[in-house]
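**Student:**
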Amino acid sequence: METQNSTTSNGVNNSHTKDNAAKIVFGDPVLCAQFLKGYTDIPLFKEIKPEDIENVSSHFLPLFQESRDSDTVNKIRIGDSEIYLIALIEHQSENDFDMSFRILRYIVFIWTDYAAQQEKLHKGITKSKAFLYPPILPVVYYEGTSTWSAPLNFKDRVFLNNVLGDYIPSFNYLVVPLNKYSKQDLIEKNDELSLIFLINQLQNSSEFHTLKDIPKEYTEHLTENTPDYLLKIIGKGIAVLLHKLNIPDEEVYEVTDQITRRKFSMMFDNFQAYDVQETRRVSREEGRLEGRIEGERAGRIEGEQLHLIKLVIKKIEKQCSAAQISEILEEPLDIIQQIYDIALCQAPDYNADKILKEMNSKTIS
């Protein structure tokens, strides 16, 4: 799984950015309850409440002896009983065919720890007839685009299982594939988790505009019913997903700010996201084109300069600083600062040709 270190302006710091978004979901009791009720089809969870869920990941994950900082463990109270939920997050395009063995290790670790805790409370209880281990539900939340085809039962990973099947551990894990749900499926769920999943399905920033046709009733429900603390959690989760699409901090901040201010409809209307690398490539191509068009007067380089100036003007009109523009366009700060200073002297009547002329005159002098 390819990883990279990243720290965003929204306070997200994790080596697995996609994993982090999913960890935010399963680490919050409200979102986790929505997931169990709306995505597992297990009747036992239909009446589950957030207060029934306790995240105990920090206790168990160090025992797993592998770098899985995205996985979560929740303890769920069902009446007088407890269930452990292991949520493993997978987003690579290929299946993990050893998933069942990884889950078996998790289950054994949790049961071993549970027995040790019970022994501390009641010496010798694990040897009694009445002692029972708590059930564990392993869920694989799969964000890949291909179909999950790895065996769901551990026994299928052991040879001679058709002969010695009664003596081989046998259990299934539950796979919840994000690509199973259409946009309409998620909208009909009408909850906070569905919004995160809608954005998580986007493969590039241009697809964000497909969310503009989301029904007004959907965003109004989120606006009126989502508590403040959950808005912040949703904002963090969505920020992680948007950074995954190479969307600049400026655009990410605008989206998350609209979420925390309950302006969900504006979030879809005003979003102008783009991939920084792609935008830079397009800008240069447009610059070359403009240079050819104006070749007799200024040449290709002057055309590129003129196009860059126009891009800077647009960002100034959006009240971006010179440093922010430099980062967004990935151009040297000293060049952007020169354009920025000259342009501010013209405000609000910016003229790209005059800015270029003044820049050239300063270079000559």
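So for the sequence shown, the numbering used here puts the first residue at 971; every next one is plus one.
Positions of the beta carbon are idealized from the N, C-alpha and C atoms, including for glycine.
1. With a threshold of 6 Å on Cβ separation, who are the neighbours of F1234 within its own chain once the five nearest residues in sequence on each side are excluded?
2. Taking just the CA atoms, how far does I1208 sit from T1010?
3. Distance, Cα to Cα, K1288 vs D1304?
4. Keeping to the same chain, check which residues put their C-beta closer than 6 Å to that of F1067; ignore five residues upstream and five downstream.
5. Does R1047 come out as helix, strand or coil in the three-state DSSP assignment?
6. Using 8 Å for Cβ pairs, my map puts I1077 next to I1106. What's the rounded Cβ distance?
7. Note down the Cα distance separating I1325 from S1152, rounded to an integer number of angstroms.
8. Please classify R1267 as buried or exposed, where buried requires at least 16 other C-beta atoms within 10 Å of its C-beta.
9. Would you give the residue range spanned by the alpha helix (DSSP H) that N1170 belongs to?
10. With a cut-off of 8 Å, do at least 3 Cβ pairs link the stretch 1019-1027 to the stretch 999-1006?
11. Which word fits R1072, buried or exposed, when buried means at least 16 other C-beta atoms lie within 10 angstroms of its C-beta?
12. Does I1305 come out as helix, strand or coil in the three-state DSSP assignment?
13. Shortest alpha-carbon distance to V1146 belongs to which of E1220, Y1111, G1008, K1007?
14. Answer with buried or exposed for I1012, where buried requires no fewer than 16 other C-beta atoms within 10 angstroms of its C-beta.
15. Reducing DSSP to helix, strand and coil, say where V1225 ends up.
16. Are the stretch 1192-1206 and the stretch 1221-1232 touching by the rule of at least three beta carbon pairs closer than 8 Å?
17. Rounding to the nearest angstrom, what Cα-Cα distance links T1082 and K1045 in this structure?
18. Would you report the Cα separation of F1167 and L1031, rounded to the nearest angstrom?
19. Compute the beta-carbon to beta-carbon distance between F1129 and P1139, rounded to the nearest angstrom, for a pair I have assumed lies under 8 Å.
20. Pop quiz: V1210 and A991 are said to be a contact at Cβ under 8 Å. What is the actual Cβ separation, rounded to whole angstroms?
21. Can you give the Cα-Cα distance for E1162 and K1285, rounded to whole angstroms?
22. Could you tell me the distance, in whole angstroms, from the CA atom of S1291 to the CA atom of G1049?
23. Run through the stretch 1119-1147 for me and flag every whole alpha helix (DSSP H) of 4 or more residues, listed as ranges in chain order.
24. Rounded to a whole number of angstroms, what is the C-alpha to C-alpha distance between L1007 and K1150?
25. What span of residues does the alpha helix (DSSP H) with I1212 cover, start to end?
26. So I1056 packs on P1104, CB below 8 Å; how close in whole Å?
27. When you compare only the Cα positions, how much space is there between N1131 and L1074?
28. Relative to the C-alpha of L1102, which residue among Q1307, S1051, E1158, P1185 is closest?
29. Hey, could you find the ends of the beta strand (DSSP E) P1108 is sitting in?
30. Taking E1274 as the reference, which of A1322, Q1316, E1297, Q1307 has the closest Cα?
31. When you compare the CB positions of L1122 and Y1137, do they come within less than 8 Å of one another, or not?
32. Can you give me the start and stop residues for the beta strand (DSSP E) that E1024 sits inside?
**Tutor:** If we stick to the structure as given:
1. T1189, L1192, T1193
2. 22 Å
3. 20 Å
4. A1120
5. R1047 falls in the strand class under three-state DSSP.
6. 5 Å
7. 49 Å
8. Residue placement at R1267 cannot be trusted, given a pLDDT of 49 that sits under 50; what the coordinates show is reported in the next sentence. Label assigned to R1267: exposed.
9. 1162-1170
10. With the cut-off at 8 Å, the stretch 1019-1027 and the stretch 999-1006 touch.
11. Buried is the call here.
12. helix
13. Y1111
14. exposed
15. helix
16. Verdict: yes, contact present.
17. 15 Å
18. One C-alpha to the other measures close to 25 Å.
19. Contact flag wrong, Cβ pair sits at about 14 Å.
20. 4 Å
21. 32 Å
22. 56 Å
23. List check, alpha helix (DSSP H) in window: 1131-1134.
24. Leu is not the amino acid found at residue 1007; the sequence shown has Lys there. Between K1007 and K1150, the C-alpha separation is close to 16 Å.
25. For the record, residue 1212 in the displayed sequence is Leu; it is not Ile. 1198-1214 is the extent of the alpha helix (DSSP H) around L1212.
26. Wrong, their Cβ atoms sit about 12 Å apart, outside the cutoff.
27. 16 Å
28. Considering only alpha carbons, the answer is S1051.
29. 1106-1112
30. A1322
31. no
32. Counting along the chain, the beta strand (DSSP E) containing E1024 begins and ends at 1023-1025.
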